[in-house]
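Enquirer: Input: one structure, supplied below.
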Amino acid sequence: MRAVLPTGVPDGRGHGWPDVVDGILIVQSVLLPALIAFVPPEPVLPGWSPWSMALLAAAFLLRALPLWWRRHAPYAVLAWTTGFDIVWACTAGTTRTAMTGLLLVGATTLVSAVYAVAAYARRGVPTWPAPLVAALAWAATFGAGFARLGGSSALVPGLLAGYGLGLALFVPAWSVGKAVVTRGHRWENAALETMAARAGAAVTAERHRVAQGLRGTVLDRTGRFVRVAEDALADPDADRSAALVEVAEHARAALNEMRALLDSLRPPPTAPDPAPDPAPEPALGRAHVPEPAPPVATEDSKPVAPGTGGT
Numbered sequence: 001m002r003a004v005l006p007t008g009v010p011d012g013r014g015h016g017w018p019d020v021v022d023g024i025l026i027v028q029s030v031l032l033p034a035l036i037a038f039v040p041p042e043p044v045l046p047g048w049s050p051w052s053m054a055l056l057a058a059a060f061l062l063r064a065l066p067l068w069w070r071r072h073a074p075y076a077v078l079a080w081t082t083g084f085d086i087v088w089a090c091t092a093g094t095t096r097t098a099m100t101g102l103l104l105v106g107a108t109t110l111v112s113a114v115y116a117v118a119a120y121a122r123r124g125v126p127t128w129p130a131p132l133v134a135a136l137a138w139a140a141t142f143g144a145g146f147a148r149l150g151g152s153s154a155l156v157p158g159l160l161a162g163y164g165l166g167l168a169l170f171v172p173a174w175s176v177g178k179a180v181v182t183r184g185h186r187w188e189n190a191a192l193e194t195m196a197a198r199a200g201a202a203v204t205a206e207r208h209r210v211a212q213g214l215r216g217t218v219l220d221r222t223g224r225f226v227r228v229a230e231d232a233l234a235d236p237d238a239d240r241s242a243a244l245v246e247v248a249e250h251a252r253a254a255l256n257e258m259r260a261l262l263d264s265l266r267p268p269p270t271a272p273d274p275a276p277d278p279a280p281e282p283a284l285g286r287a288h289v290p291e292p293a294p295p296v297a298t299e300d301s302k303p304v305a306p307g308t309g310g311t
């Protein structure tokens, strides 16, 4: 018995519910900050031109777009999102406090990246640094906001407060992802154990069937011709020719049953390869010239001696 199990992930990206979830996360990470920034009645960035609005939306789209690959490269997505937020906080965040507030509104991007590291990182790769790394973005965001409101003296308290709040947000996200992947691994292990148990039971049943076949047919036939041979040898008046014929019949039957039992253990024959296509017909434009027929000898035709005429 042979069992073939999938050993790798299929090439290419599958389409289905995970893609819908990733798309919703990307749209939400862009749409929610844009609504807070520009939609009345109380936009946090009033008076911006349409081009400026489009530029800000494109920046947040660039920030959230790597979430599409969070299942395939979770640490790369986390590094990109964290680095983007730190650069944003150190540049645009120092000009307006609302810029840092938009990062906090779009925090689901970082939460999704942390969850992806815990749930989709390869086995053997540690995932516990994910919330520690993501909290750096919130430290930079709060530090920039505090420094703008309270001066440089408020930078360190802002960094500490942001890092602590980031840990309080990202550690639960990491814990949820870790719990999901642990449950998935348990299900995989249980499925493998069930398949192994079923395969073992099938092998045991096949072994029992072969043993029953040997005991019920081959060994029975062998015992019969052995008894016939022993009886013929023990009785001097027995018809040994008839006994020999009977022994041969039992031996032949035992061999046939053994062959049938072995044939039942062989795998089914594979389909033969298709026959090759016949040679192509000659082109229509190419004329077929028949070969000249050999001369046919007649009774009137006689060999002519050299130097003589045909008459």
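First residue of the sequence shown? That's 1 in the UniProt record's numbering, and the numbers climb one at a time after it.
In this text, a Cβ means the ideal position worked out from N, Cα and C, and glycines have one as well.
1) Just to confirm, are L103 and T141 a CB contact at a threshold of 8 angstroms?
2) Using the rule of at least 16 other Cβ atoms within 10 Å of the residue's Cβ for burial, across every protein chain shown, is D85 buried or exposed?
3) With a Cβ-Cβ cutoff of 8 angstroms, do T100 and G106 count as a contact?
4) Measuring alpha carbon to alpha carbon, tell me which residue in G145, T109 and A201 is nearest L169.
5) Measure the Cβ-Cβ separation of Y120 and A173 and say whether it is below 8 angstroms.
6) So S29 packs on A64, CB below 8 angstroms; how close in whole Å?
7) At 3 residues or longer, and completely inside the segment 54 to 133: list those beta strand (DSSP E) runs for me, N to C.
8) Suppose you measure from the CA of L155 to the CA of T194; what does that come to, to the nearest Å?
9) Between the C-alpha atoms of S49 and V87, what's the straight-line distance to the nearest angstrom?
10) Would L67 and L25 be called neighbours here (beta carbons separated by less than 8 angstroms)?
11) Considering only residues of the same chain and omitting the five flanking positions on each side of A283, which have a CB-CB separation below 7 angstroms?
12) What did DSSP end up calling D235 once you bin it into helix, strand or coil?
13) So, for E246: in the same chain, excluding its five sequence neighbours on each side, which residues have a beta-carbon less than 6 angstroms away from its beta-carbon?
14) Among residues of its own chain, excluding the 5 on either side of V77, which ones have a beta-carbon nearer than 7 angstroms to its beta-carbon?
15) Since Y163 and A135 should fall inside the 8 angstroms C-beta cutoff, what is the C-beta to C-beta distance between them, to a whole number of angstroms?
16) Please report how far the alpha carbon of G124 lies from the alpha carbon of D263, in whole angstroms.
17) What distance in whole Å lies between the Cβ atoms of F60 and P33, which are believed to be in contact at a cut-off of 8 angstroms?
18) Looking at A137: is its Cβ nearer than 8 angstroms to the Cβ of L159?
19) Alpha carbon to alpha carbon, how far is V176 from R183? Give it in angstroms, no decimals.
20) Whole-angstrom Cβ separation of T82 and G145, contact assumed at under 8 angstroms?
21) Going by CA-CA distance only, name the one from D239, P41, D22 and D220 that's closest to V111.
22) Using CA coordinates, which residue listed in A211, T95, S52 and V226 is at the minimum distance from L149?
23) Name the residue from A147, G151 and A79 whose alpha carbon lies nearest to the alpha carbon of T127.
24) To the nearest angstrom, how far is it from the Cα of L255 to the Cα of G16?
25) Measuring alpha carbon to alpha carbon, tell me which of A147, A201 and A205 ends up nearest C90.
26) Report yes if the CB atom of A232 is closer than 8 angstroms to the CB atom of A248, and no otherwise.
Expert: Looking at the atomic coordinates:
1) By 1-based counting over the sequence shown, the position of residue 103 is 103. By 1-based counting over the sequence shown, the position of residue 141 is 141. Contact annotation: L103 and T141 have beta-carbon atoms nearer than 8 angstroms.
2) By one-based count along the sequence shown, residue 85 stands at place 85. Buried, by the Cβ-count rule.
3) On the sequence shown, residue 100 is found 100 positions in, with the first residue counted as 1. On the sequence shown, residue 106 is found 106 positions in, with the first residue counted as 1. No.
4) What you label residue 169 is simply residue 169 of the sequence shown in a count that begins at 1. Nearest option by C-alpha distance: T109.
5) What you label residue 120 is simply residue 120 of the sequence shown in a count that begins at 1. What you label residue 173 is simply residue 173 of the sequence shown in a count that begins at 1. In this structure, A173 does not lie closer than 8 angstroms to Y120 by Cβ.
6) Here residue 29 refers to the residue found at position 29 of the sequence shown. Here residue 64 refers to the residue found at position 64 of the sequence shown. Indeed, because the Cβ distance is near 4 angstroms, the residues count as touching under 8 angstroms.
7) none
8) Reading the sequence shown from its first residue, position 155 is the one you call residue 155. Reading the sequence shown from its first residue, position 194 is the one you call residue 194. Straight-line Cα distance between these residues: approximately 58 angstroms.
9) Sequence index remark: in the sequence shown, residue 49 carries index 49 (1-based). Sequence index remark: in the sequence shown, residue 87 carries index 87 (1-based). Cα-Cα distance, rounded: 24 angstroms.
10) By one-based count along the sequence shown, residue 67 stands at place 67. By one-based count along the sequence shown, residue 25 stands at place 25. One thing to note: L67 has its Cβ within 8 angstroms of the Cβ of L25.
11) Taking the first residue of the sequence shown as position 1, residue 283 is located at position 283. Only weak support is given to the placement of A283: the predicted model assigns it a pLDDT of 45, under 50, and the question is left unresolved by the model.
12) Position 235 of the sequence shown, counted from the start, is the residue given in the question as residue 235. Reduced to three states, the DSSP call for D235 is coil.
13) Here residue 246 refers to the residue found at position 246 when the sequence shown is read from its first residue. Taken in chain order, the residues that qualify are V228.
14) Indexing the sequence shown from 1 puts residue 77 at position 77. Excluding sequence neighbours, V77 sits near P66, L67, W69, R70, A113 and A116.
15) As a working mapping, residue 163 is identified with position 163 in the sequence shown. As a working mapping, residue 135 is identified with position 135 in the sequence shown. Contact flag correct, Cβ pair sits at about 5 angstroms.
16) Here the question's residue 124 lines up with position 124 in the sequence shown. Here the question's residue 263 lines up with position 263 in the sequence shown. Roughly 46 angstroms between the two C-alpha positions.
17) Counted from its first residue, the sequence shown places residue 33 at position 33. Counted from its first residue, the sequence shown places residue 60 at position 60. At roughly 5 angstroms, the Cβ-Cβ gap stays under 8 angstroms, so P33 and F60 are in contact.
18) For the purposes of this step, residue 137 is taken as residue 137 along the sequence shown, with counting starting at 1. For the purposes of this step, residue 159 is taken as residue 159 along the sequence shown, with counting starting at 1. No.
19) Within the sequence shown, residue 183 is the residue found at index 183, counting from 1. Within the sequence shown, residue 176 is the residue found at index 176, counting from 1. Their backbone Cα atoms lie some 11 angstroms apart in a straight line.
20) Position 82 of the sequence shown holds residue 82. Position 145 of the sequence shown holds residue 145. That pair is no contact at about 17 angstroms.
21) Within the sequence shown, the letter at position 111 stands for residue 111. If we check each option's Cα against that of V111, D22 comes out closest.
22) Stepping through the sequence shown from its first residue, residue 149 is reached at position 149. If we check each option's Cα against that of L149, T95 comes out closest.
23) The residue you call residue 127 lines up with position 127 of the sequence shown. Out of A147, G151 and A79, A79 has the C-alpha closest to the C-alpha of T127.
24) Locating residue 255 in the sequence shown gives position 255, counting from the first residue. Locating residue 16 in the sequence shown gives position 16, counting from the first residue. Each residue's Cα considered, the two are about 58 angstroms apart.
25) Counted from its first residue, the sequence shown places residue 90 at position 90. The option with the nearest alpha carbon to C90 is A147.
26) On the sequence shown, residue 232 is found 232 positions in, with the first residue counted as 1. On the sequence shown, residue 248 is found 248 positions in, with the first residue counted as 1. For A232 and A248, no; Cβs fall outside 8 angstroms.
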